[in-house]
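Chemist: Sharing a structure below in structure tokens format, with a few things to ask.
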Amino acid sequence: MKGLLTEIRHCSVCKPFLPLGANPIISASPKSKIVLASQAPGKIAHEKSIAWDDPSGRRLRAWLGVNEDTFYNPDNFAVLPLGFCFPGKGKTGDLPPRPECAPLWHQKVIDHFEADPLYILIGNHAQSYYLQDKRSLTKRIQNFEAYLPKYFVLPHPSPVNHFWMNKNKWFESDVIPQLQQEIKQRLQ
Numbered sequence: 001m002k003g004l005l006t007e008i009r010h011c012s013v014c015k016p017f018l019p020l021g022a023n024p025i026i027s028a029s030p031k032s033k034i035v036l037a038s039q040a041p042g043k044i045a046h047e048k049s050i051a052w053d054d055p056s057g058r059r060l061r062a063w064l065g066v067n068e069d070t071f072y073n074p075d076n077f078a079v080l081p082l083g084f085c086f087p088g089k090g091k092t093g094d095l096p097p098r099p100e101c102a103p104l105w106h107q108k109v110i111d112h113f114e115a116d117p118l119y120i121l122i123g124n125h126a127q128s129y130y131l132q133d134k135r136s137l138t139k140r141i142q143n144f145e146a147y148l149p150k151y152f153v154l155p156h157p158s159p160v161n162h163f164w165m166n167k168n169k170w171f172e173s174d175v176i177p178q179l180q181q182e183i184k185q186r187l188q
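Structural data, given as structure tokens:
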């Protein structure tokens, strides 16, 4: 897998479309127990070359019930966004991930996992890519158990999602404890 990760980190397929240039961000190990599939790195991740090192990442780690050392250990968590590079900003936030990345690289990474990891599908883009389910993000999350044991669906932990979080209080009381239990079992 080391050679594949090096190849991905040098990928420039989307470079002409990326306002800040190519900086693929990925982390994985053949032993990864959990795969974090999300949209794409944000501007902070692009600048630091570290995924989830921002307020969204702090909230995600709290949801998962893990500390930074556990989170950033690729034997525990693979970081496999749909787009490996920051796609730029749009009118309402970050642009969607570039469409080239996931079809080009995801299966190649997945083929290197030694076991069947849990895929945490963070946000609508990741859920739409991996699931054949046309329901809304909220309906998918309300029915998260239907996707287990392979997938666990989550909203994006971004602070800009505070309206969704306030409207759906059941998420933190009903879903997060189940998520933490699943994570704990996988990391044993």
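Position 11 of the sequence shown, counting from 1, maps to 11 under the UniProt record's numbering, and the rest follow consecutively.
Don't be surprised by glycine CBs; every beta carbon is placed ideally from N, CA and C.
Taking 7 Å as the cut-off, decide whether the C-beta atoms of VAL35 and LEU80 are in contact.
Modeler: Cβ distance < 7 Å, so VAL35 and LEU80 count as in contact.
Chemist: Using 8 Å as the threshold, is the segment 101-112 in touch with the segment 49-58, meaning 3 or more CB pairs across them?
Modeler: Judged by Cβ distances under 8 Å, the segment 101-112 makes no contact with the segment 49-58, as fewer than three pairs qualify.
Chemist: Please report how far the alpha carbon of ARG135 lies from the alpha carbon of LYS91, in whole angstroms.
Modeler: Approximately 25 Å between the Cα atoms of the pair.
Chemist: Take ASP94 as the anchor and find which of LEU18, PRO149, ILE183, TRP164 has the nearest alpha-carbon.
Modeler: Ranking LEU18, PRO149, ILE183, TRP164 by Cα distance to ASP94 puts LEU18 first.
Chemist: Might you give, ordered along the chain, the residues of its own chain that have their beta carbon closer than 6 Å to the beta carbon of ASP75, omitting 5 neighbours on each side?
Modeler: Correct list, in chain order: SER29, LYS31.
Chemist: Checking 7 Å against the spacing of the C-beta atoms, do TRP164 and PRO177 come in under that value?
Modeler: No, the pair does not count as a contact, with Cβ atoms beyond the cut-off.
Chemist: In angstroms, rounded to a whole number, what distance separates the CA positions of ASP174 and THR138?
Modeler: Between ASP174 and THR138, the C-alpha separation is close to 13 Å.
Chemist: DSSP state of LEU137, grouped into three classes?
Modeler: The answer is helix: DSSP assigns LEU137 an H, G or I state.
Chemist: Indicate whether PHE84 and ILE25 have their beta-carbon atoms separated by less than 7 Å.
Modeler: Yes, they are a contact pair.
Chemist: Thinking C-beta only, is TYR129 closer than 7 Å to LEU179?
Modeler: Against a cut-off of 7 Å, the Cβ pair of TYR129 and LEU179 comes out as no contact.
Chemist: Any idea if PRO157 is buried or exposed, counting beta-carbon neighbours within 10 angstroms, 16 or more meaning buried?
Modeler: With 16 or more Cβ atoms within 10 Å of its Cβ, PRO157 is classed as buried.
Chemist: In whole angstroms, what separates the C-alpha of GLN132 from that of TYR119?
Modeler: Cα-Cα distance, rounded: 15 Å.
Chemist: Helix or strand or just coil, what does DSSP make of residue 194?
Modeler: Since the first residue shown for the chain is 1 and the last is 188, residue 194 is missing from the structure and cannot be characterised.
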